[in-house]
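Here the structure comes first, spelled out in structure tokens, and everything after it is commentary.
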Amino acid sequence: MTEVPSAGRNFVGRAVSGGAWITVGMVTMQVISLAVFVTVAHFLSPADFGLISVCFVVLQTSKSLLIDNFANAVTRKSTTTPLEYSTAFWLTVGVSCLSFITIEASAGLLQRLFDIAGLAHIMQEMGAIMLVMGLGHTHECWMIRNFHFRALTIRGIVGAAVGGAAGAALAVFGYGVMALVVQQVLTFTVALALLWVSCPWRPELAFSRRAAAEILHFMLQTMPGSIVGILNQNCDIILVAYFFGSSSTGIYSAGKRLRLALQLAVATPVTGIAMPILADIQADPERLRRALLSAILLICAVCAPLFLGTSAVAEDVVHLMFGARWEAAAPVLAWLAAGGFVSVLIGCNDTVFIVRGRPLCSFYVSIIYTGLAVVGFAVCAPFGSAYLALPFVAPFILTLPISAWMVTLVTRVTLGDWLRATAPAVGAAFFMFVSVRLLGSQLDAIGTTVRLVVLCPAGALIYVSTLMMFGRGTTRTLLELLRKSTRYGHPGVTK
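Just so you know, we're using my numbering here: the sequence shown kicks off at 27 and counts up by one.
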């Protein structure tokens, strides 16, 4: 049985509905996650968070390198069959089992490599997450590809709530780092159970050699980019853990965690639906161009002010949420947030490369970023922890023009189009950043909470007024997108 190609579907309605559900899910899950993080941070040490961060690097490396690529090889196609999904599922399950065994066997080696006490035990406890990821990833990709975002949202919220409640309770009762382990394992397990219940697709006891060969061929193409992409995403944690230990890793991870929460909440509604939308319309170059430019404009208009605004008030945010002993995370958050929206733009471009069958473009961008980050870390590390995040932000700014240029080679988007979509919002956001920093320097005498209450609305007003004054075309486009989203209704409604 062949699935019906989605070329004739109403993309605007499905995209708006999917984006709305992703927004609801991500915002809710990040609120839950941050609430748990703030609670647990008062009972655990930075070293405990450093342990979990190193373990997650190992797990995410295995997932990104192996598990993700099997399902992506299928979901990127404009038309797929149940047999292809079943083949991807069994390949994914097999690789996840192999990854689990490898992680359990190599935990001691990892502990000796990083010289972090207790790492091996925690790594072995969290290794089971690999099995859970393998059992659910193909189902998740199937639901994304078929726009089942409502079920994915509910599943994610329930999993985060159950796991978070358990982790917070265990932290309060003195279980230490094991509270974080239980939180993660339980979150993934509950989400898997709900995913299998809600997903209408079921893997068959069938396997296609032809489909497997296509999937493995795609993996060979994407493997170089995946390897460098892993280093791209995780070289910061790896380098900080190796050279500065678990406590500094925990401090760095706290700043990165706040930036990631912001990124997931505000950027995922755009980037999360990019793959299925772009895959469906890839045969129409002009529609692909318009959709991509809309995504870029939205990312800049929403993400640039939020990321730069967070950077401007980073010290107040960290002090208010975590207290004085975590203040060293403030400069980390400030640097990472400043470059956060640039990272989102590059991620959007990477999606285009996958859809257009040009994964080597991502590879080239990633390898340039990683090389610059490693060199920058060697230069900045002697100046202390306040500058640990800088070498992982600056390369994003340097590689973004390269990534944008490569997009122009595989689509009809020109550099002029790209600049017109990005410049107004980024310029307004930068002006807002400078204004908020100057205003904040005049409000040192008042308390942290009051200062945030003053600075946040002031920043929003400055950004909106500046954008309306100097970016009228961007403003009109945003209002048109808002009008369309209102016409297509609330989450779950498509026309």
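Ideal Cβ positions, reconstructed from N, Cα and C, are used throughout, including at glycine.
Helix, strand or coil at residue i according to DSSP, with G and I counted as helix
i	result
Leu231	coil
Asn172	coil
His165	helix
Tyr395	helix
Leu414	coil
Pro385	helix
Thr501	helix
Ala486	helix
Phe199	coil
Val368	helix
Pro108	helix
Glu506	helix
Ile183	helix
Phe69	coil
Ala280	helix
Thr437	coil
Cβ-Cβ separation, residue j to residue i (assumed contact under 8 Å), whole Å
i	j	result
His163	Ile93	5 Å
Ser369	Phe422	5 Å
Val211	Ile155	6 Å
Val379	Pro250	A quick correction: the sequence has Phe, not Val, at residue 379. The pair is not a contact, with the Cβ atoms about 13 Å apart (cut-off 8 Å).
Ile264	Ser279	Contact flag wrong, Cβ pair sits at about 12 Å.
Ala197	Val66	4 Å
Gly76	Ser273	6 Å
Ser392	Val266	No, Ser392 and Val266 are not in contact; Cβ-Cβ is about 19 Å, not under 8 Å.
N-terminal and C-terminal residue of the alpha helix (DSSP H) that residue i is part of
i	result
Asp74	72 to 88
Thr448	441 to 467
Leu324	311 to 338
His147	145 to 152
Ile307	Premise fails: Ile307 is in no alpha helix (DSSP H) and is neither H nor E.
Ala219	204 to 224
Ile93	Counting along the chain, Ile93 falls outside any alpha helix (DSSP H), and DSSP gives it neither H nor E.
Pairwise C-alpha distance: residue j and residue i
i	j	result
Leu332	Leu157	36 Å
Gly335	Phe233	51 Å
Ser337	Ala61	20 Å
Leu359	Gly281	4 Å
Lys89	Val119	12 Å
Gln150	Ala133	6 Å
Cys81	Ile394	26 Å
Tyr201	Leu231	42 Å
Thr179	Ala455	30 Å
Leu318	Leu246	27 Å
Gly34	Thr215	Low local confidence applies: a pLDDT of 42 at Gly34 is under 50, so the model's placement there is unreliable, and no value is given.
Tyr357	Met169	The displayed chain sequence assigns Pro, not Tyr, to residue 357. In a straight line, the C-alpha of Pro357 is about 39 Å away from that of Met169.
Gly383	Gly373	15 Å
Ile277	Gln56	19 Å
Val401	Pro417	8 Å
Gly51	Gly182	7 Å
Arg138	Thr275	17 Å
Ser224	Gly365	37 Å
Val480	Ser461	13 Å
Ala219	Leu441	45 Å
Val203	Gly189	14 Å
His345	Gln289	20 Å
Trp352	Phe69	12 Å
Phe96	Ile256	16 Å
Pro108	Leu91	24 Å
Val452	Thr503	15 Å
Ile472	Arg283	27 Å
Ala363	Arg285	6 Å
Leu145	Ile322	40 Å
Ile325	Met432	19 Å
Thr492	Leu478	21 Å
Leu464	Phe457	11 Å
Asn258	Thr105	31 Å
Asp310	Pro450	28 Å
Ser71	Asp376	36 Å
Leu426	Ala195	43 Å
Met494	Thr501	6 Å
Met347	Leu221	32 Å
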